[in-house]
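Enquirer: One structure follows; several queries about it will come next.
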Amino acid sequence: MTSTAAMFSYADTAWPVLERTAEAHRRSWDMLAAPGEWWTGAERISIAAECRRASALVDGLPDPGPGPAELPEAAVFAIHKLIGDLPNVTHDWYDETISAEGMSDARYIEMLGVVVHIWSVDEFHRALDIDLEPLPDPIPGEPTQVRPSGARAHGSWPQTILPEDLHESEADIYGGMERTSNVRAAMSLHPDSVRWLTDLFDAHYLSWIEIQSEQEPFRVLTRPQRELVAARVSALNECFY
Amino acid sequence: MLLGRNSEGNEALNLNGTVRNEVDSGIEHGDVLLRFSDAAVGRSDDLAAAREALSVAMGPDAVVDCAATIANFQRMVRIADGCGIPLDPFSREESAKWRDGLGIDNFRSRGNTFSQA
Chain A
1 MTSTAAMFSY
11 ADTAWPVLER
21 TAEAHRRSWD
31 MLAAPGEWWT
41 GAERISIAAE
51 CRRASALVDG
61 LPDPGPGPAE
71 LPEAAVFAIH
81 KLIGDLPNVT
91 HDWYDETISA
101 EGMSDARYIE
111 MLGVVVHIWS
121 VDEFHRALDI
131 DLEPLPDPIP
141 GEPTQVRPSG
151 ARAHGSWPQT
161 ILPEDLHESE
171 ADIYGGMERT
181 SNVRAAMSLH
191 PDSVRWLTDL
201 FDAHYLSWIE
211 IQSEQEPFRV
221 LTRPQRELVA
231 ARVSALNECF
241 Y
Chain B
1001 MLLGRNSEGN
1011 EALNLNGTVR
1021 NEVDSGIEHG
1031 DVLLRFSDAA
1041 VGRSDDLAAA
1051 REALSVAMGP
1061 DAVVDCAATI
1071 ANFQRMVRIA
1081 DGCGIPLDPF
1091 SREESAKWRD
1101 GLGIDNFRSR
1111 GNTFSQA
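Line by line, the protein sequences are chains A and B. Residue numbers for the first sequence follow this note's numbering, beginning at 1 and rising by one. Residue numbers for the second sequence follow this note's numbering, beginning at 1001 and rising by one.
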């Protein structure tokens, strides 16, 4: 078993990566390896591996190979679409994807959660020319297959949970706030993905507390500088939202 | 929409500069920050030089902070477009004042954001 405790050591790199960032990356690998609600740990590792295959394909790099478990064909296609063809993701495509064999709306959201978090950690490494961290070994266990009972249609393609509809098992995902961001709500069909999103958002960008205040103790770029970069990244991805 | 919402109260930020390199963003070191962002997202051969230029201008801590910001929004855009998050009516109306001038109304994902608003 590969321990994540020894991973993400940035001491030998040229860059002063904060330990809190390294810790968040280790937690990401712990979350990746564990069984989820709708995918086993091995399947989640395979989703991450497919994410890297998609990236390598876009970049013209050698195929890093598949993960330990076979994925539904629709999942493989979706991962490549989300990485390499984002502007052409549409509502019709989403409907086709979640209706395909081996897929569902909840499986899609958990898959998306794995894709975007692994992609984000990898993108951090690529930007700094740091080798990608090897994927962890999967943790055995079966998916719980627990669907949040408060999920309803609220505008995004997948069902989402409003703060007032949270139940005890997911009561923490919006930090106890009466309102939440659309992005966090969009992932709420898989509550652990919201927790993951919040954790890595805090490490890479700003904590939700920092966003609402002027206190940004760990940041070097000013807020306008970060917002400039954020806007450019969104525009380069042709992300209208 | 993100860029418009974020520019509120930030008079220095020229929205045109966030999408067009020929326009000054009005942000200190905006040129090197955008060069690094373009190179990282676009996988260009300029990445190493862009990273060095940012490091010289702002220091290695800024390079790390910028890389983290890029990584964060490479994630956020995929959640937004992967879930078809709709734009609320207020933002839809307010953003109409400047959207067209930036060319973002031509983004394919506009249809996803507007389809359910």
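Glycine included, every Cβ here is placed at the ideal spot set by N, Cα and C.
So, does the CB of A:M103 fall closer than 8 Å to a CB anywhere in chain B?
Expert: Locating residue 103 of chain A in the first sequence gives position 103, counting from the first residue. No, its Cβ sits nowhere closer than 8 Å to a Cβ of chain B.
Enquirer: Where does A:R184 fall in DSSP's three states?
Expert: For the purposes of this step, residue 184 of chain A is identified with residue 184 of the first sequence, where counting begins at 1. Helix, per DSSP.
Enquirer: In angstroms with no decimal places, state the Cα-to-Cα distance between A:L228 and B:V1077.
Expert: Walking along the first sequence from the start, residue 228 of chain A turns up at place 228. Walking along the second sequence from the start, residue 1077 of chain B turns up at place 77. Cα to Cα, A:L228 sits roughly 15 Å from B:V1077.
Enquirer: Going by the CB atoms, is the gap between A:A42 and A:A69 shorter than 8 Å?
Expert: As a first step, residue 69 of chain A must be located in the first sequence, where it is residue number 69. As a first step, residue 42 of chain A must be located in the first sequence, where it is residue number 42. Cβ distance < 8 Å, so A:A69 and A:A42 count as in contact.
Enquirer: Out of A:R232, A:L236, A:L206, point me to the one whose CA is closest to A:T222's CA.
Expert: What you label residue 222 of chain A is simply residue 222 of the first sequence in a count that begins at 1. If we check each option's Cα against that of A:T222, A:L206 comes out closest.
Enquirer: Select from A:W93, A:Y10, A:I98 the residue whose C-alpha is nearest the C-alpha of A:D131.
Expert: Translated into the one-based positions of the first sequence, residue 131 of chain A becomes position 131. Of A:W93, A:Y10, A:I98, the residue nearest in Cα terms is A:Y10.
Enquirer: Consult DSSP for A:T90 and reduce its assignment to one of helix, strand or coil.
Expert: Here the question's residue 90 of chain A lines up with position 90 in the first sequence. Correct three-state label for A:T90: coil.
Enquirer: On the DSSP letters alone, give me the boundaries of the alpha helix (DSSP H) that A:N237 sits inside.
Expert: As a position in the first sequence, residue 237 of chain A is number 237, starting the count at 1. Per DSSP, A:N237 belongs to no alpha helix (DSSP H) and is neither H nor E.
Enquirer: Please report the distance separating the alpha-carbon of A:F240 from that of B:G1082.
Expert: As a working mapping, residue 240 of chain A is identified with position 240 in the first sequence. As a working mapping, residue 1082 of chain B is identified with position 82 in the second sequence. Roughly 12 Å between the two C-alpha positions.
Enquirer: In angstroms with no decimal places, state the Cα-to-Cα distance between A:M103 and A:W157.
Expert: As a first step, residue 103 of chain A must be located in the first sequence, where it is residue number 103. As a first step, residue 157 of chain A must be located in the first sequence, where it is residue number 157. Approximately 15 Å, taken between the alpha carbons.
Enquirer: Which residues does DSSP list as the beta-bridge partners of A:T21?
Expert: Here residue 21 of chain A refers to the residue found at position 21 of the first sequence. Looking at the DSSP assignment, A:T21 forms no beta bridge with any residue, so it has no partner.
Enquirer: Measure how close the beta-carbons of A:W265 and A:I83 come, nearest whole angstrom, since I'm counting them as under 8 Å.
Expert: Any answer about residue 265 of chain A is impossible in this case: the structure gives chain A only from 1 up to 241.
Enquirer: Give me the chain A residues within the contact set of B:S1044, using Cβ-Cβ distance strictly less than 8 Å, ordered along the chain.
Expert: Locating residue 1044 of chain B in the second sequence gives position 44, where the first residue counts as 1. What B:S1044 touches in chain A: nothing, since even the nearest Cβ is about 11 Å away.
Enquirer: Could you tell me which whole alpha helix (DSSP H) segments of length 4 or greater appear in the segment 1022–1093 of chain B?
Expert: Here the runs fully enclosed are 1030–1042, 1047–1058, 1060–1083.
Enquirer: Round the Cβ separation of A:L71 and A:I47 to the nearest angstrom and send it over; I've been treating them as touching at under 8 Å.
Expert: Walking along the first sequence from the start, residue 71 of chain A turns up at place 71. Walking along the first sequence from the start, residue 47 of chain A turns up at place 47. The Cβ separation is near 7 Å, so the contact holds.
Enquirer: Cutting at 8 Å between CB atoms, please list the residues of its own chain near A:M1, excluding the five before and the five after it.
Expert: Against the first sequence, residue 1 of chain A aligns to sequence position 1. Only weak support exists for where A:M1 lies, its pLDDT of 46 falling under 50; the value from the coordinates is given anyway. These residues qualify, in order along the chain: D137.
Enquirer: Can you name the residues of chain A whose CB is closer than 8 Å to the CB of B:A1061?
Expert: In the second sequence, residue 1061 of chain B corresponds to position 61, counting from 1. Here residue 1061 of chain B is Asp; the residue named in the question, Ala, does not match the sequence. Residues of chain A passing the Cβ test: P16, V220.
Enquirer: To the nearest angstrom, report how far apart A:S99 and B:V1041 are at their CA atoms.
Expert: Reading the first sequence from its first residue, position 99 is the one you call residue 99 of chain A. Reading the second sequence from its first residue, position 41 is the one you call residue 1041 of chain B. The straight-line gap from Cα to Cα measures roughly 32 Å.
Enquirer: Figure out for me which residue from A:T180, A:I79, A:D122 has the closest Cα to the Cα of B:I1070.
Expert: The residue given as residue 1070 of chain B occupies position 70 in the second sequence. Among A:T180, A:I79, A:D122, the Cα nearest to that of B:I1070 belongs to A:D122.
Enquirer: Does DSSP put A:M1 in a helix, a strand or coil?
Expert: Taking the first sequence and counting its residues from 1, one reaches residue 1 of chain A at position 1. Reliability of the predicted coordinates at A:M1 is poor, the pLDDT of 46 falling under 50, and the value obtained from them is presented with this limitation in mind. Coil at A:M1, not helix or strand.
Enquirer: List the whole-angstrom C-beta distance separating A:R107 from A:W196, where the pair is believed to meet the contact cut-off of C-beta under 8 Å.
Expert: Locating residue 107 of chain A in the first sequence gives position 107, counting from the first residue. Locating residue 196 of chain A in the first sequence gives position 196, counting from the first residue. Their Cβ separation, rounded to whole angstroms, is 16 Å, which puts A:R107 and A:W196 out of contact at 8 Å.
Enquirer: If you draw a straight line from the C-alpha of A:R20 to the C-alpha of A:R27, how long is it?
Expert: Taking the first sequence and counting its residues from 1, the one referred to as residue 20 of chain A is at position 20. Taking the first sequence and counting its residues from 1, the one referred to as residue 27 of chain A is at position 27. C-alpha separation (whole angstroms): 11 Å.
Enquirer: Starting from A:I45, trace the alpha helix (DSSP H) both ways and give me its first and last residue.
Expert: Stepping through the first sequence from its first residue, residue 45 of chain A is reached at position 45. Residues 41–59.
Enquirer: Whole angstroms is fine: what's the gap from B:V1032's alpha carbon to B:A1057's?
Expert: Residue 1032 of chain B sits at position 32 when you count from the first residue of the second sequence. Residue 1057 of chain B sits at position 57 when you count from the first residue of the second sequence. When rounded, the distance between both Cα atoms is 8 Å.
Enquirer: Examine chain A for any beta-carbon lying closer than 8 Å to the beta-carbon of B:R1035, and answer yes or no.
Expert: Looking up residue 1035 of chain B in the second sequence gives position 35. B:R1035 does not count as touching chain A.
Enquirer: Would you kindly report the start and end of the unbroken alpha helix (DSSP H) that includes A:E110?
Expert: Locating residue 110 of chain A in the first sequence gives position 110, counting from the first residue. Taken as a continuous stretch (DSSP letters only), the alpha helix (DSSP H) holding A:E110 covers 105–127.
Enquirer: With DSSP as the reference, identify every bridge partner of A:T160, one or two as the case may be.
Expert: As a first step, residue 160 of chain A must be located in the first sequence, where it is residue number 160. Answer is A:R152, bridged to A:T160.
Enquirer: If we define contact as Cβ-Cβ less than 8 Å, is A:L236 a contact residue for chain B?
Expert: Working through the first sequence from its first residue, we reach residue 236 of chain A at position 236. Output row for A:L236: interface = yes.
Enquirer: Give me the Cα-Cα distance between A:S245 and A:A203, rounded to the nearest whole angstrom.
Expert: As displayed, chain A neither begins before 1 nor continues past 241, which places residue 245 of chain A out of reach and without an answer.
Enquirer: Is B:V1019 close to chain A? Criterion is C-beta to C-beta, closer than 8 Å.
Expert: To locate residue 1019 of chain B, count along the second sequence from 1; it is residue 19. Interface residue, yes.
Enquirer: Going along chain A in order, which residues have a C-beta closer than 7 Å to the C-beta of B:V1023?
Expert: Along the second sequence, read from residue 1 onward, the residue named residue 1023 of chain B stands at position 23. Chain A residues near B:V1023: none, gap ~12 Å exceeds 7 Å.
Enquirer: Please state the DSSP three-state secondary structure of A:F201.
Expert: In the first sequence, counting from the first residue as 1, residue 201 of chain A sits at position 201. Here A:F201 sits in helix by DSSP.
Enquirer: Give, in chain order, every residue of the segment 186–209 of chain A whose Cβ lies closer than 8 Å to some Cβ of chain B.
Expert: Flagged, chain order: A186, M187, L197, L200, F201, A203, H204, Y205.
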